[in-house]
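Comments concern the structure below.
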Amino acid sequence: MEMPPPNPAILARKSRLIERLSGVLPADALIHEPAETRAYECDALTAYRCPPMLAVLPSTTREVSDVLRICHEEGVPVVPRGAGTSLAGGSLPTADSVILGVARMNAVLETDYDNRIIRVQSGRTNLSVTGAVEEEDFFYAPDPSSQLACAISGNIAMNSGGAHCLKYGVTTNNLLGVTLVMMDGTVIDIGGAHLDAAGLDLLGVICGSEGQLGVVTEATLRILPKPEGARPVLMGFDDSEVAGACVSDIIKAGVLPVAIEFMDRLCIRTSDAFANAGYPDCEALLIVEVEGSEAEIDAQLARIVEIARRHNPVELRESKSPEESARIWLGRKSAFGAIGQINDYMCLDGTIPVSALPEVLRRIGELARDIGLDVGNVFHAGDGNMHPLILFDANKPGDLERCEALGAEILKLCVDVGGCLTGEHGVGIEKRDLMLHQYSPEDLEAQMAVKDVFDPAWLLNPAKVFPLSQSQARRTAATAA
C-alpha cells in the first residue's frame, strides 16, 4: 500500500527538533530516518501501528531531562517506552510524537542487602534485577511472563505482577522510590530506601500511571531472601468451571500458595507441544506452587491436594525434583509465545473476584461461541487476573473487529461481576473507551485533574488511558490556553 505524503508541518517541526536534540544527545541516540523509526511503530499489541516522528535513546537522567525540556518548549508529545512489550498499546506512538526509549538505562546503581533494597536505572530488565542479587540468595518478586525482556520502567507504568503476585504482591508492593522527570524537564525524587515517605502518597500515584505523569529513570526496589524451597503440584480437570471452583475453595480455606495458575485445553495443548512440559490431556490445568521449609511445603500441599480431590481431578502430580518443577513452569511461561506461533491473538487483562471464576469462565465460552472466535484462557487464578487469548486472523477482513468486540464484552463482564478492566497490562489504547464502563464521569474527571497537575499541556503519552474524545479535548484546550 502506498504511504501518504509527509505532513509539511511535521517535517518542519522534525527538522527543528533534530537540530535542538543533537545538542544534548550523542549522535547514535537520535533516530530520525524513516526506515529506522519504523522499529518503534508498535509494541506487543501489533494490530495497531504508527511510526513516530523520531526516537531518542538517552543514557542518563540528565539526558532525559534535556529531551523532555526541549519537547515541552516545542510543544511536541513524548511517548515513554521501556522494552516495548506492552499488550495494551501503552507505548504506541502518534505521528507527531517522539519516542523516548530507556533501554540504554540499564545499570545497577546500588545494592544494600542489609536493608534489602536495590536501586537500578529503569531500563533494566525485570529478570536481570534478580540476576544481579541471586548470588547473595536474594530475588526480586514480581515476575511477569515477559520478565526476560520487559523493563522495570514498563513494570512501574503498568503496575505489573506475574505468577507469584498472589503471595508477594505486584510492582507497587515492591517499589520503594523513583526518580521522575516531569514533562518540563524537572527532576524529582519520590520515596526512597525507607519504608514509607511522609506526606501525600505520590509513589502510589506514579505506579500504574502508564507514562501519563512523568518518565521514571531510576527505581528503588525491595529485594527478598530466597525461600528455603518451593514445589508445584499439577492438577488436571475435565471442566474449566470445576477448576475455577477448586481455586475458589483453596483461597477460601485460608491457604496461601505462592502462585495458582490456570490453563484451558487450547493453551494446554499448544504450550505442551511448544515446551514439552508433559501436561495431561484434560480440559483445564492448575499449577499451584507453595514454598518454605520441606515440612511447610509438605503440610501446605497436603491441604491443597485434599481440597483438589473433592473436585475429582483427572490427574494430581506433585513435582519430585527441581528439573520437573522447571518443566511444569516452562509450559506456563511459554503460553503466550506458543499461541503466537499458531495464530494471531489479542491478550486481555480483566480482573475478577476469585469467587466469580466459574461464572466468568462459562460466560467467556458462551460469548466466544456467539461471535465465532476461539478463546484460550491462561491466567493468574489466585488473584483473579484473567488473560483470555482471543484468536483471530489478521489477514481476514472483519476478524480484528470481531476480536475487539468480543474483548470489549469480556472486559465489561469482568467489571460487571465486581472486577476491573486491567490487572497488570494497563489501559493503553486497548481499553481507553471502556473506562466509562468502570468509572463515572466524575471519577474520570478527578483522574484527569491529576494529569493536569503533572502534565498541564497533555504532552505525555497522548491518546492513552482516558476516552479518546476526552483526552483530545483536554489537549486542545491546553494548547489554546
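In my numbering, the protein residues as written are 1167 to 1647. Glycine residues also receive a C-beta, built at the ideal position from the N, C-alpha and C atoms.
Looking at the structure shown, is residue i part of a helix, part of a strand, or coil, going by DSSP?
i, result
"phenylalanine 1122", "A query on residue 1122 cannot be resolved here, the shown segment of the chain reaching from 1167 to 1647 and no further."
"cysteine 1448", "coil"
"histidine 1553", "coil"
"tyrosine 1511", "strand"
"cysteine 1580", "helix"
"glutamate 1590", "coil"
"aspartate 1599", "helix"
"arginine 1535", "helix"
"threonine 1645", "helix"
"proline 1243", "coil"
"threonine 1277", "strand"
"threonine 1296", "helix"
"aspartate 1559", "coil"
"leucine 1258", "coil"
"glycine 1542", "strand"
"glutamate 1376", "coil"
"alanine 1175", "helix"
Taking all protein chains shown into account, do 16 or more other C-beta atoms lie within 10 angstroms of the C-beta of residue i, making it buried, or fewer, making it exposed?
i, result
"threonine 1232", "It should be pointed out that residue 1232 corresponds to aspartate in this sequence rather than to threonine. Buried, because 16 or more other Cβ atoms sit within 10 Å of the Cβ of aspartate 1232."
"glutamine 1507", "exposed"
"isoleucine 1470", "buried"
"threonine 1645", "exposed"
"tyrosine 1279", "exposed"
"valine 1295", "buried"
"threonine 1227", "buried"
"glycine 1402", "buried"
"valine 1413", "buried"
"proline 1308", "buried"
"glutamate 1185", "exposed"
"aspartate 1194", "exposed"
"glutamate 1276", "exposed"
"arginine 1498", "buried"
"leucine 1634", "exposed"
"proline 1488", "exposed"
"threonine 1352", "exposed"
Excluding the 5 residues flanking residue i on each side, which residues of the same chain have their C-beta closer than 6 angstroms to its C-beta?
i, result
"alanine 1560", "Asp1510"
"alanine 1639", "none"
"glutamate 1611", "none"
"serine 1491", "Pro1398 and Ser1485"
"tyrosine 1605", "none"
"phenylalanine 1440", "Ser1500 and Ala1504"
"alanine 1298", "Val1274"
"leucine 1527", "Ser1406, Glu1407 and Gly1410"
"arginine 1483", "Leu1400"
"methionine 1349", "Leu1234, His1238, Asp1621, Leu1625 and Leu1626"
"isoleucine 1389", "Arg1282, Ile1284, Val1299, Phe1304 and Tyr1306"
"alanine 1534", "Val1541"
"glycine 1374", "Asn1325"
"leucine 1253", "Ala1210, Leu1211, Cys1513 and His1591"
Ordered along the chain, which non-local residues of its own chain (more than five positions away) have a Cβ less than 8 angstroms from that of residue i?
i, result
"serine 1263", "Pro1218, Met1219, Val1242, Pro1243, Val1244, Val1245 and Pro1628"
"alanine 1522", "Gly1550, Val1583, Gly1584 and Gly1585"
"glutamate 1376", "Gly1256, Ala1323, Met1324, Gly1592, Val1593, Gly1594, Asn1627, Lys1630 and Val1631"
"aspartate 1732", "For residue 1732 there is no data in the structure shown, the boundaries of the chain being 1167 and 1647."
"phenylalanine 1558", "Asn1509, Asp1510, Tyr1511, Met1512, Leu1539, Asp1565, Leu1566, Arg1568 and Cys1569"
"asparagine 1281", "Ala1359"
"isoleucine 1518", "Val1526, Gly1550, Met1552, Cys1580, Val1583, Gly1584 and Gly1585"
"arginine 1270", "Ala1195, Leu1223, Pro1224, Ser1225 and Gly1289"
Give every residue of the same chain whose Cβ lies closer than 7 angstroms to the Cβ of residue i, excluding the five residues on either side of it in the sequence, and list them in chain order.
i, result
"glutamate 1394", "Gly1458 and Ser1459"
"aspartate 1404", "Cys1448, Glu1449 and Val1480"
"leucine 1128", "There is no way to answer for residue 1128, as the model of the chain reaches only from 1167 to 1647."
"valine 1421", "Gln1466, Arg1469 and Ile1470"
"threonine 1203", "Ile1197, Pro1217, Pro1218, Leu1220 and Ala1221"
With DSSP as the reference, please indicate the residues paired to residue i in a beta bridge.
i, result
"threonine 1291", "Ala1317"
"aspartate 1618", "Aspartate 1618 pairs with nothing; no bridge assigned."
"glycine 1267", "Arg1247"
"threonine 1386", "Arg1285 and Gly1343"
"aspartate 1309", "Gly1328"
"valine 1381", "Val1347"
"leucine 1626", "Val1244"
Threshold first: 3 residues or longer. Then list the beta strand (DSSP E) segments lying entirely within the segment 1324 to 1371, N to C. 1341 to 1347 and 1353 to 1357
What are the start and end residues of each continuous beta strand (DSSP E) run of 3 or more residues lying completely inside the segment 1424 to 1475, in chain order? 1425 to 1430 and 1450 to 1457
Minimum length 3: unbroken beta strand (DSSP E) runs contained in the segment 1472 to 1504: 1481 to 1484
Curious, which full-length alpha helix (DSSP H) runs of at least 4 residues does the segment 1177 to 1235 contain? Correct list: 1200 to 1203.
Scan the segment 1390 to 1428 and note each continuous alpha helix (DSSP H) run of 4 residues or more that stays entirely inside, going in chain order. Fully enclosed alpha helix (DSSP H) runs of 4 or longer: 1406 to 1418.
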